[in-house]
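Asker: Let me give you the structure first, and then I'll get to my questions.
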Amino acid sequence: MSQLKRPYILAIESSCDDTSAAVLKGTEVYSNCIANQEMHALYGGVVPELASRAHQQHIVTVVKQALDKANIAKKDLSAIAFTKGPGLLGSLLVGISFAKSLAQALGIPLIEVNHMQAHILAHFIKDVHPKPPRFPFLALTVSGGHTQIVQVNATDSFSLLGQTLDDAVGECFDKSAKVLGFTYPGGPHIDRLAASGNPEAFEFSIPSVADLNFSYSGLKTQFSRLVQTSKLHNAQFIEEQKHHLAASLQKTIVSSLILKVLKAIEQTGIEQLTLGGGVAANSGLRAALKLVAKEKGFEVFIPELHYCTDNAAMIGISAYYKYLKADFTDLSVKAQARFSVHS
Ligand code: KG4
Ligand code: ZN
């Protein structure tokens with residue numbers, strides 16, 4: 007196949023706290039390098055100012071790593087892709103400025119990518135699934151910043167069916183874990199504790215929100231209040247109950263997600279669902295989705311974890327589809343902190 011059909015694309019992702027660069031040839035990932043920013047753990051969440059400074063520090067090295075690992079010289083690249091948004095403005099600016107300069111210096115096209123669309127298109131990376139989902143399908147994207155159900159009609163046609171009206175599901179995991187004394191990101195701690203807890207030990211109410219929307223701020227507050235009040239009566243409460251608290255919280259969160267997934271399937275008649283975003287790592291969610299998919303007869307697609315969390319390979323695959331249509335970006339493009347998945 008010609009270079010035109012299988013271009014070498016260098017992709018850069020810097021929307022939150024991971025600096026990532028990837029090289030793809032067509033849909034095939036040659037490298038996907040990530041520099042994480044561990045200092046945010048000290049602050050209980052991502053600190054925007056620190057994140058952008060760390061991107062500045064990491065970006066040159068990460069891009070070099072991606073090119074070296076792919077064994078590709080800059081002169082062989084066909085295009086440079088970057089995340090335009092949504093995300094933290096200061097973080098996005100680092101990636102976009104780098105991408106613009108490199109594209110201009112090499113005299114090759116620049117391609118902008120929507121981060122939320124990219125989480126979904128990650129399912130089309132070569133070898134992620136034996137057979138990728140067929141259009142139209144539903145996509146559930148769950149992360150520290152987002153909770154969305156999207157109908158995907160084509161690689162360039164996305165309709166937002168529902169989203170969180172307040173906190174993202176990952177935030178509910180993170181803030182609840184913080185109440186139990188864990189550092190950021192708290193989701194993995196809750197997941198680990200939940201494995202040996204009783205999910206029926208505490209009753210939290212499943213957030214009640216209209217249509218296909220979500221809400222997690224009430225649940226977060228409910229969890230925090232229960233722990234704070236119980237601590238007043240028993241100083242050992244967290245130590246004694248943390249496994250049960252985690253299991254009960256996780257069960258409530260997972261039930262709330264499954265409820266909306268089933269509603270979306272019923273409303274649209276679409277029987278394929280993809281999962282993406284960092285919360286896709288949650289073992290309770292993965293198991294429950296697989297189980298309910300089997301029971302109800304729909305198909306669920308869950309990629310390997312490194313394609314669920316933020317990564318530049320997903321930016322690269324999204325850019326590939328744009329490259330095929332010569333959908334290039336002008337150098338005057340600006341980062342967009344708020345950027346809907348809808349197109
Ligand atoms: O997609 P991601 O890496 O970054 C963005 O937020 O964009 O997602 C990070 C989120 C955090 O809230 C983290 O706690 C959550 O994913 N997470 C988990 C698990 N692993 C990561 N939540 C629940 N269970 C997990 N195993
Ligand atoms: Zn993300």
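Our numbering numbers the first residue of the sequence shown as 7 and each following residue consecutively.
Beta carbons: idealized from backbone N, C-alpha and C, even for Gly.
The structure presented is a predicted model; accordingly, all values stated were derived computationally and were not measured.
1) Straight-line CA distance for P139 to A293?
2) DSSP has V29 in a bridge; who is on the other side?
3) T25: buried (16+ other C-beta within 10 angstroms of its C-beta) or exposed?
4) I need the boundaries of the beta strand (DSSP E) containing I155, first residue and last residue.
5) Going by alpha carbons, who is nearest to Y190 out of G284, E118, C39, A47?
6) Tell me which same chain residues have a C-beta within less than 7 angstroms of the C-beta of H121, skipping the five on either side of it?
7) Sorry if obvious, but does the Cβ on A287 come closer than 6 angstroms to a heavy atom of the ligand KG4?
8) Between the C-alpha atoms of N77 and L16, what's the straight-line distance to the nearest angstrom?
9) Which whole-angstrom value describes the C-beta separation of E19 and I321, a residue pair presumed to lie in contact below a C-beta threshold of 8 angstroms?
10) Taking only the alpha-carbon atoms, compute the straight-line gap between T235 and A241 and give it to the nearest angstrom.
11) Contact defined as beta carbons within less than 8 angstroms: I believe I259 pairs with V175. What is the distance between those atoms, to the nearest angstrom?
12) As a quick exercise: from G282, G283, G290, pick the residue whose alpha carbon is nearest that of L255.
13) With K184 as the anchor, note down where its alpha helix (DSSP H) starts and where it stops.
14) Assign Y313 to one of two classes, buried (16 or more other C-beta atoms within 10 Å of its C-beta) or exposed (fewer than that).
15) Write down the C-beta distance between A160 and F130 rounded to the nearest angstrom, noting that I regard them as a contact closer than 8 angstroms.
16) Whole angstroms is fine: what's the gap from F188's alpha carbon to H195's?
17) Between the C-alpha atoms of A128 and H239, what's the straight-line distance to the nearest angstrom?
18) Would you call the segment 162-180 and the segment 342-349 in contact, with 3 or more CB pairs under 8 angstroms?
19) Which of the three DSSP states, helix, strand or coil, is assigned to K80?
20) Taking the C-alpha atoms as reference points, what is the distance between K226 and S211?
21) Output needed for H250: all residues of its chain with C-beta closer than 7 angstroms, excluding positions within five of it in sequence on either side, in chain order.
22) Do you know offhand how far G6's Cα is from Q342's?
23) Evaluate E246 with the Cβ neighbour count: other Cβ atoms within 10 Å of its Cβ, from every protein chain shown; 16 or more gives buried, anything less gives exposed.
24) On the three-state DSSP scale, how would you describe A85?
25) Can you give the beta carbon distance from I65 to N317, rounded, assuming they're within the 8 angstroms contact cut?
26) If you drop the 5 nearest sequence neighbours on each side, which residues of the same chain put their C-beta closer than 8 angstroms to that of L337?
27) Along the chain, where does the alpha helix (DSSP H) containing S216 start, and where does it finish?
Answerer: In terms of the structure at hand:
1) Indexing the sequence shown from 1 puts residue 139 at position 133. Indexing the sequence shown from 1 puts residue 293 at position 287. Going by the C-alpha atoms only, they are around 19 angstroms apart.
2) Residue mapping note: residue 29 aligns to position 23 of the sequence shown, counting from 1. L16, S37.
3) If you number the sequence shown from 1, residue 25 lands on position 19. Answer is buried; the Cβ neighbour count reaches 16.
4) Here the question's residue 155 lines up with position 149 in the sequence shown. Note, I155: beta strand (DSSP E), 153-160.
5) The sequence position of residue 190 within the sequence shown is 184, counting from 1. Nearest of G284, E118, C39, A47 to Y190, Cα basis: A47.
6) Counting from one through the sequence shown, the residue named residue 121 turns up at place 115. Excluding sequence neighbours, H121 sits near S21, T89, G91, P92, G93.
7) Mapped onto the sequence shown, residue 287 falls at position 281. Yes, the ligand KG4 has a heavy atom inside 6 angstroms of this Cβ.
8) For this step, residue 77 is matched to residue 71 along the sequence shown. For this step, residue 16 is matched to residue 10 along the sequence shown. The straight-line gap from Cα to Cα measures roughly 12 angstroms.
9) As a first step, residue 19 is located in the sequence shown; it is residue number 13 there, counting from the start. As a first step, residue 321 is located in the sequence shown; it is residue number 315 there, counting from the start. E19 to I321, Cβ: 5 angstroms. Contact.
10) In the sequence shown, residue 235 corresponds to position 229, counting from 1. In the sequence shown, residue 241 corresponds to position 235, counting from 1. Distance between the alpha carbons of T235 and A241 is about 10 angstroms.
11) Mapped onto the sequence shown, residue 259 falls at position 253. Mapped onto the sequence shown, residue 175 falls at position 169. Confirmed, Cβ separation roughly 6 angstroms.
12) The residue labelled residue 255 in the question sits at position 249 within the sequence shown. Looking only at G282, G283, G290, the smallest Cα-Cα distance to L255 is reached by G290.
13) Against the sequence shown, residue 184 aligns to sequence position 178. Taken as a continuous stretch (DSSP letters only), the alpha helix (DSSP H) holding K184 covers 175-185.
14) Numbered from 1 along the sequence shown, position 307 holds the residue referred to as residue 313. The residue in question, Y313, is buried, as its Cβ has 16 or more Cβ neighbours within 10 Å.
15) For this step, residue 160 is matched to residue 154 along the sequence shown. For this step, residue 130 is matched to residue 124 along the sequence shown. No, A160 and F130 are not in contact; Cβ-Cβ is about 11 angstroms, not under 8 angstroms.
16) Along the sequence shown, read from residue 1 onward, the residue named residue 188 stands at position 182. Along the sequence shown, read from residue 1 onward, the residue named residue 195 stands at position 189. For F188 and H195, the distance between alpha carbons rounds to 7 angstroms.
17) For the purposes of this step, residue 128 is taken as the residue at position 122 of the sequence shown. For the purposes of this step, residue 239 is taken as the residue at position 233 of the sequence shown. Going by the C-alpha atoms only, they are around 48 angstroms apart.
18) yes
19) As a working mapping, residue 80 is identified with position 74 in the sequence shown. Note: K80 maps to helix in three-state DSSP.
20) Along the sequence shown, read from residue 1 onward, the residue named residue 226 stands at position 220. Along the sequence shown, read from residue 1 onward, the residue named residue 211 stands at position 205. A direct Cα-Cα distance of roughly 11 angstroms separates K226 from S211.
21) Stepping through the sequence shown from its first residue, residue 250 is reached at position 244. Cβ neighbours of H250 beyond the five flanking positions: G203, N204, A207, F208.
22) Residue 6 lies beyond the range of the chain shown here (7 to 349); nothing can be said about it.
23) Here residue 246 corresponds to residue number 240 of the sequence shown, with the count starting at 1. With fewer than 16 Cβ atoms within 10 Å of its Cβ, E246 is classed as exposed.
24) Here residue 85 is taken as the residue at index 79 of the sequence shown, counted from 1. DSSP places A85 in strand when its eight states are reduced to three.
25) Along the sequence shown, one-based indexing puts residue 65 at 59. Along the sequence shown, one-based indexing puts residue 317 at 311. Going by Cβ atoms, the distance from I65 to N317 rounds to 15 angstroms, so no, they are not a contact pair.
26) Taking the first residue of the sequence shown as 1, we reach residue 337 at position 331. These residues qualify, in order along the chain: K106, A109, Q110, L116.
27) Along the sequence shown, read from residue 1 onward, the residue named residue 216 stands at position 210. The displayed chain sequence assigns Ala, not Ser, to residue 216. Run containing A216: none; DSSP gives neither H nor E here.
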